[in-house]
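Here is the structure we will look at, set down as structure tokens.
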Amino acid sequence: NAGVTQTPKFQVLKTGQSMTLQCAQDMNHNSMYWYRQDPGMGLRLIYYSASEGTTDKGEVPNGYNVSRLNKREFSLRLESAAPSQTSVYFCASSFIGQKGTEAFFGQGTRLTVV
Amino acid sequence: RKEVEQDPGPFNVPEGATVAFNCTYSNSASQSFFWYRQDCRKEPKLLMSVYSSGNEDGRFTAQLNRASQYISLLIRDSKLSDSATYLCVVNKVTGGYQKVTFGIGTKLQVIP
Numbered sequence: 135n136a137g138v139t140q141t142p143k144f145q146v147l148k149t150g151q152s153m154t155l156q157c158a159q160d161m162n163h164n165s166m167y168w169y170r171q172d173p174g175m176g177l178r179l180i181y182y183s184a185s186e187g188t189t190d191k192g193e194v195p196n197g198y199n200v201s202r203l204n205k206r207e208f209s210l211r212l213e214s215a216a217p218s219q220t221s222v223y224f225c226a227s228s229f230i231g232q233k234g235t236e237a238f239f240g241q242g243t244r245l246t247v248v
Numbered sequence: 440r441k442e443v444e445q446d447p448g449p450f451n452v453p454e455g456a457t458v459a460f461n462c463t464y465s466n467s468a469s470q471s472f473f474w475y476r477q478d479c480r481k482e483p484k485l486l487m488s489v490y491s492s493g494n495e496d497g498r499f500t501a502q503l504n505r506a507s508q509y510i511s512l513l514i515r516d517s518k519l520s521d522s523a524t525y526l527c528v529v530n531k532v533t534g535g536y537q538k539v540t541f542g543i544g545t546k547l548q549v550i551p
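Put into structure tokens, the structure is as follows:
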């Protein structure tokens, strides 16, 4: 059981380059999330998808786009990378029960923009 | 005011000590609560859920006080392997969406 799989694990981009971070989960979860984690800032929500076909902005969406390709996959795209987007990115998924359940995380993508 | 507030620490404690972390949340409509553990350069992983009645898992005890909007985690007989960052997490389900809010995390360093 792979859980949540993120690719790539590491990436270095030049300012202005674009890239897509991939995320897939095999737990049949309906909700998926993208977070970034920076020192002293904690985990901040970039975008989320409550279910297949829906996406919504989180706390820090500027500079990012997302696609919920199907129930399993939720990708994050940086159209024109900036040094401020240097961070660790985590994808997560959860099943929505009546009161909410725990989120499961991928291993993270360490992105450096130079 | 942040939705979930935690003291970032670090808490430096000797092996065998008992240490407690606290967390407060601002949304009284929050529905479920968790503690996650995050090791350096790793993803967060669920440590335990938190219930109003209090719950225990080995050396770990979690407690929720809804009236005070306060969550706690107690670690007894600290081990070196307990060194990590502990994240307080608050969930609310609304309109089919689960809003998951993380605290900044409290760093624990257990010293030999």
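Protein sequences appear in the order of chains H and X. Sequential numbering from 135 applies to the first sequence in my numbering. Sequential numbering from 440 applies to the second sequence in my numbering. Using N, Cα and C, we set each Cβ at its ideal position, and we do this for glycine too. If you're wondering where the values come from, they're calculated on a predicted model, not measured in any experiment.
| Query | Result |
| --- | --- |
| With burial defined as no fewer than 16 other Cβ atoms inside 10 Å of the residue's Cβ, what is the status of residue 154 of chain H: buried or exposed? | exposed |
| Considering only residues of the same chain and omitting the five flanking positions on each side of residue 540 of chain X, which have a CB-CB separation below 6 Å? | 442, 443 and 529 |
| Ends of the beta strand (DSSP E) at residue 470 of chain X? | That residue, residue 470 of chain X, is in no beta strand (DSSP E); it is neither H nor E in DSSP. |
| Have a look at residue 576 of chain X and residue 551 of chain X and give me their C-alpha separation to the nearest angstrom. | No answer is possible for residue 576 of chain X: it lies beyond the span of chain X, which begins at 440 and ends at 551. |
| Which whole-angstrom value is the C-beta distance of residue 143 of chain H and residue 243 of chain H, which I expect to be below 8 Å? | 6 Å |
| For residue 447 of chain X, collect the residues of the same chain with a Cβ closer than 7 Å to its Cβ; drop the 5 residues on either side in sequence, then sort them by chain order. | 543, 544, 545 and 546 |
| From which residue to which residue does the beta strand (DSSP E) around residue 153 of chain H run? | 153-159 |
| Would a check of beta-carbon distances place residue 223 of chain H closer than 8 Å to chain X? | no |
| How close, in whole Å, do the beta carbons of residue 483 of chain X and residue 239 of chain H come, if the pair is a contact with beta carbons under 8 Å? | 5 Å |
| Relative to the C-alpha of residue 214 of chain H, which candidate in H/197, H/224 and H/230 has its C-alpha closest? | H/197 |
| Hey, residue 211 of chain H and residue 194 of chain H are a contact pair by Cβ (cut 8 Å); roughly how many whole angstroms apart? | 15 Å between Cβ atoms; not a contact. |
| Which residues share a DSSP beta bridge with residue 246 of chain H? | H/146 |
| Would you kindly report the start and end of the unbroken beta strand (DSSP E) that includes residue 169 of chain H? | 165-172 |
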